[in-house]
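Structure, as structure tokens:
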Amino acid sequence: MFNSLRALYRDNPREGHLLAFILVGFLAIYFIPAGTGRFDNAVLEAVRLTNWYAREHVILCLLPAFVIAGAMAVYISQGSVMRFLGPEASRPIALGVASVSGTLLAVCSCTVLPLFGGIYRRGAGLGPAMAFLYSGPAINIMAIVVTAKVLGAEIGIARGVGAIVFAVVIGLLMHLIYRREEGDRAKTSTRGFEAGDDEKPVSITVMFFALMIGVLVFANWAAVDGSPAWMAVFHVKWIITAVLAAGFGGLLIWQWNWSIRPLAIVALAVVLATVVAPNAPQLAFSVGIGGIMMIALSRPEDREWVVQSWDFTKQILPLLVIGVFVAGLLLGRPDHEGLIPSRWVTLAVGDNTFTSTILASVLGALMYFSTLTEVPIVEALMGAGMGKGPALALLLAGPALSLPNMLVIRTVIGTEKTLVYCGLVVVMATLSGFVYGNYV
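Straight run, no breaks: the sequence shown in our numbering ends on number 448.
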């Protein structure tokens, strides 16, 4: 019988894969522990985490990120990308530009993904693209300040220094490991792009993206206890967002020759949505972005912007939702348990040993943290006995990686490079945490 199955798989590998998938799926469903308290609660936590993610992050974070990524693929000069971030660009300049660009975003590990995909598609080298990917969620100035206030200046400084060094080192190592492949890619990327580039002046392009990124950043400005300046901005964040959006509309009229009338209609619709649902800014936000995309779709010269944004959306969003659901199933939400009991986590990372530190790195890499939420989570874990070394390792690996983040990175750069990148983050976070916890 087994010989017959082997012959079937050898002669029809596709059918063999399908049969294996069906068998594994059937066995998983057959033996699923439905009805047990922990499993049912874990499923509920997964649903709740996914629901929270959809309400709080998809519209305000991912939707503008997809639009910005689509604009990157259309309006940014490939020549500029190749000159500053390309495989053949100066390493110090490329890694420095990528790290600084990522730092300005202050976004989570999922929101940075469309932007990472946008610059990589446009011709950025693997090293700078990975430095940008890490620095976006990891080198968050406010998160480092909050870490210092809540967990102590020592660990805050260690996190800041570690994140900056990580971005550069990871980008450099990825470039060195795949330098031959990147050299071949550089030759392919540079063919014929100069003749097709018909771009706006650099100052206009910078203003175009700065306004969109400003809308993304201020719309997601979170409340932080203990920071008066930060909270002052938080209380007026929607006013700032509206001003930036109005400036963006004016730029489209001035430089992209958009008609005033359709933009005025979109603005009126946003105001009406705000009046109808003042406590649900997601409605007005989605109306505004949807209106901009509808106008762009009606203009032949800007239609590609919508096409590229939709391409990023259909590639990334389903994987993110699946990843968030699985992360919630396994680890639950903050202060709520999934399949893995929280006491196991506390016991596993309760000292500064190498084992505890690497476990903290791995768990941090799998968990999903929205911007700034990692600090209270680590504070609670440290209160339960977590060592300072594992705490730093989690702070260095957690914000930059997550299970949904990994699933999407794989679709952009492939399985091997994704595993190498994740491995570098985990190894460097582990070594940094171990040294910090035992010798600093």
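Note that the Cβ used here is the ideal one computed from N, Cα and C, for glycine as well. This one's a predicted model, so the numbers in the text were calculated from it and none came from an experiment.
Collapsed DSSP secondary structure at residue i in the structure displayed
i	result
F377	coil
C118	coil
A62	helix
K157	helix
D205	For D205, the predicted model reports a pLDDT of 46, less than 50, meaning its position is unreliable; a value from the coordinates is still stated below. The answer is coil: DSSP assigns D205 none of H, G, I, E or B.
R199	Here the model assigns R199 a pLDDT of 48, short of 50, so the residue's position is not dependable, and the following value carries that caveat. The answer is coil: DSSP assigns R199 none of H, G, I, E or B.
N413	helix
N446	helix
T44	coil
G168	helix
N265	coil
G24	helix
R130	coil
M302	helix
M390	helix
W229	coil
Contacts around residue i, its chain only, beta-carbon distance under 8 Å, and the 5 residues preceding and following it disregarded
i	result
E190	P95, G133, L134, G135, H183
L252	L219, G222, V223, F226
K245	F226, A227, W229
F242	W229, A230, A231, V232
Exposure label - residue i; buried when at least 16 CB within 10 Å
i	result
Y38	exposed
F320	buried
G204	Any reading at G204 needs caution, since the residue's pLDDT is 43, under 50, leaving its predicted position unreliable; the model's value is listed next. With fewer than 16 Cβ atoms within 10 Å of its Cβ, G204 is classed as exposed.
L427	exposed
W262	exposed
N59	exposed
E382	buried
E202	Low confidence applies here, because E202 scores a pLDDT of 46, under 50, leaving its location unreliable and the question unanswered by this model.
Y61	buried
Q148	The residue you asked about is not Gln; residue 148 is Asn in the sequence shown. Label assigned to N148: buried.
S211	exposed
D343	exposed
P412	buried
M301	buried
V283	exposed
W266	buried
D192	exposed
M239	exposed
G33	exposed
CB of residue i within 8 Å of CB of residue j, strictly
i	j	result
P407	S364	no
V75	R130	no
R341	E64	no
M394	G358	yes
V176	L103	yes
Y376	A437	no
A146	F174	yes
L339	L374	yes
E387	L159	yes
A77	G125	yes
A285	L276	no
G170	S440	yes
E345	N49	yes
V420	Y83	no
L71	I248	no
V279	V370	no
Cβ shell of residue i (< 6 Å), same chain only, five flanking positions each side left out
i	result
R167	I152, T155, L403
V416	L121, I324, L327
F442	F362, T365, G397
V274	G299
Identity of the residue in the options nearest residue i by Cα
i	options	result
V214	Y429, S109, V435, Y376	S109
P349	F47, A304, P286	F47
A272	V295, P286, N287, L35	V295
V315	N413, A81, M239	A81
L400	R311, Y444, V433	Y444
V329	H344, S410, I268	S410
R111	L141, M301, V284, M390	What sits at residue 111 in the sequence shown is Thr, not Arg. The candidate whose alpha carbon is nearest that of T111 is L141.
T44	I67, P100, L347	L347
Y447	S369, P412, P384, N360	N360
S85	C116, P209, I67	P209
V115	V105, C69, K157	C69
G331	G431, L31, G24, V55	V55
L389	L355, G422, P308	L355
R351	S317, F333, G391, W318	G391
Close beta carbons around residue i, own chain, < 7 Å, minus the five adjacent residues each side
i	result
M138	I178, G179, M182, Y429
A73	T119, P122, L123, L224
P270	I303
Proximity test, Cβ basis, 8 Å: residue i and chain C
i	result
H243	Judged by its chain identifiers, the structure shown contains no chain C, having just a single protein chain.
Closer than 7 Å: residue i CB and nearest the ligand COA heavy atom
i	result
G406	In the structure on display, the ligand COA does not appear, and there are no ligands present to speak of.
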